[in-house]
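FYI, the numbering for the sequence shown is -22 to -1, 1 to 186, going by mature numbering (1 follows the signal peptide of the UniProt record, and there is no 0). All remarks here apply to the structure that follows.
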Amino acid sequence: MKTWKIVGAALVFCAAVTGAQALDALVEQSDPGLGFEPYQFLEQGRRIDLSGGRSIVLGYPASCVHESITGGRITIGARQSEVEGGAVDRSTLACGDHVRLTAAERQESGASAWRDPLAAQPVLVDNLAPVLLFAEQPDMVTIERTDRPASPIRLSRPGRALDLVERNIVLDAGGIYVVSAAGRTLTIEIDFDAEAVGGPALTRFVRF
């Protein structure tokens, strides 16, 4: 089992959205002229023209590779981008396989990062402010703590991506929360050792 210091969250696949959108590269930031939405996923083989000094920041869930690219032309790969004529700042972040597993599955060695998420156990999240990504825009998102009394958090029309940092929402280490949106629910458990608040979306997103 890897022993990286984890700074990220859990990656989850719901049956309703599995396969609906390629998960090769996650757009974290991009110049407006490129036409990408924040936290949009791009499929392998897609080509992007960054001429004129335009830039994009990408994360690859399969490899934990994080890239900041300026200029040139790029092709989305499975684990990193192919860059022609541009400048790329590339690093590998701590978002190992066990970051994407449920709390129970995290104890198993050699577990797949892409296993079925429809397990009864909560999804373990190692960040106090994850990014929630929705298959479709919900009218309302409710985050309710279940391990002790607390007022529920309700957010109307958050879009298809909800970054808790942008909403100044910080969850508690050790807390168990049920997230409800668009007729679905997901239980997440914040790791007792979680300290990070925010950071690259690659290390803290939960796909709902």
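Here a beta-carbon is modelled for each residue, glycine too, at the ideal position from N, C-alpha and C. Just so it is clear, the structure is predicted and the values come from calculations on it, not from any experiment.
In the three-state reduction of the DSSP assignment, G37 falls in the strand class, which pools E and B. The alpha carbon of G23 has as its nearest neighbour, out of G55, V119, E173, V143, the alpha carbon of G55. L4 is the residue among L4, G49, V175, D27 whose C-alpha sits nearest the C-alpha of P39.
The Cβ atoms of L180 and E6 lie closer than 8 Å to each other.
Put simply, the backbone Cα of R51 is about 27 Å away from that of F183.
As the crow flies, the alpha-carbon of C42 is around 7 Å from that of A72.
A direct Cα-to-Cα measurement between I147 and S8 gives close to 24 Å.
Note on geometry: alpha-carbon atoms of E62 and L102 lie some 38 Å from one another. Judged by beta-carbon spacing, S59 lies within the 8 Å limit of E45, meaning their Cβ atoms are closer than that value. Boundaries of the beta strand (DSSP E) around S69: 65 to 70. Rounded to whole angstroms, L1 and Y17 show a C-alpha spacing of 11 Å. A check of alpha carbon separations from A113 across G152, D171, A139 identifies A139 as the nearest.
Rounded to the nearest angstrom, the gap between the Cα atoms of V157 and R57 is 30 Å.
If you check the CB distance, F19 and L110 do not come in under 8 Å. Beta-bridge annotation (DSSP): D150 is not paired with any residue.
Between the alpha carbons of G31 and D141 lies a distance of about 28 Å.
By the Cβ-count criterion, P108 is buried, with 16 or more other Cβ atoms from all chains shown falling within 10 Å of its own Cβ.
Beta-bridge partners assigned by DSSP to S8: I34. Nearest to V143 by C-alpha distance, out of D117, R135, D125, P178, is P178. In chain order, Q115 place their CB closer than 7 Å to the CB of G137, counting only its own chain and leaving out the 5 sequence neighbours on each side. With contacts defined by Cβ atoms closer than 8 Å, Y155 and R132 do not form a contacting pair. About 12 Å separates the Cβ atoms of I166 and G152, ruling out a contact at the 8 Å cut-off.
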